[in-house]
Amino acid sequence: QRNLEPNVITYNAVISACEKGAQWEKALGLFGELQRRGLEPEIITYSALISACEKGGQWEKALELFEELQQRGLEPNIITYSALISACEKGGQWEKALELFDELQRRGLEPDVAA
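Just so you know, we're using this note's numbering here: the sequence shown kicks off at 233 and counts up by one.
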């Protein structure tokens, strides 16, 4: 029997499943596990985490993750911004949501219906 080890793609899929199931705490736990295994999170990882936090009403944690991904040198994409803007909106942080919307446009990203 082969011993299969999860990779970052596996973690991305499971974190995304947690996001869809509104299990933001479980998603964050898996993120910690991914890092303990020495795997490098990708923008997909962070986007799924931010989206999980958005669904869980955790706008402050979503902002923390957004700062962290940029500190790691990752570039947020339209999916990342859309999830973060939605998290801020749900948290009553409309000024921050507008600031992020302006920022995504300055970065040359095209807002979509979700943003």
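Using N, Cα and C, we set each Cβ at its ideal position, and we do this for glycine too.
Whole-angstrom Cβ separation of I276 and E307, contact assumed at under 8 Å?
Looking up residue 276 in the sequence shown gives position 44. Looking up residue 307 in the sequence shown gives position 75. Not a contact, Cβ separation roughly 12 Å.
Tell me the residue span of the alpha helix (DSSP H) that contains G217.
The requested residue 217 does not occur in the structure, where the chain is confined to residues 233 to 347.
Whole angstroms are fine: how far does the CA of I317 sit from the CA of I311?
Along the sequence shown, read from residue 1 onward, the residue named residue 311 stands at position 79. Along the sequence shown, read from residue 1 onward, the residue named residue 317 stands at position 85. Approximately 10 Å between the Cα atoms of the pair.
CB-CB under 7 Å to A254, same chain, minus the five flanking residues each way: which ones, in chain order?
Along the sequence shown, read from residue 1 onward, the residue named residue 254 stands at position 22. Contacts found: K287 and G288.
So the alpha helix (DSSP H) R338 belongs to, where does it begin and stop?
Mapped onto the sequence shown, residue 338 falls at position 106. Counting along the chain, the alpha helix (DSSP H) containing R338 begins and ends at W326 to R338.
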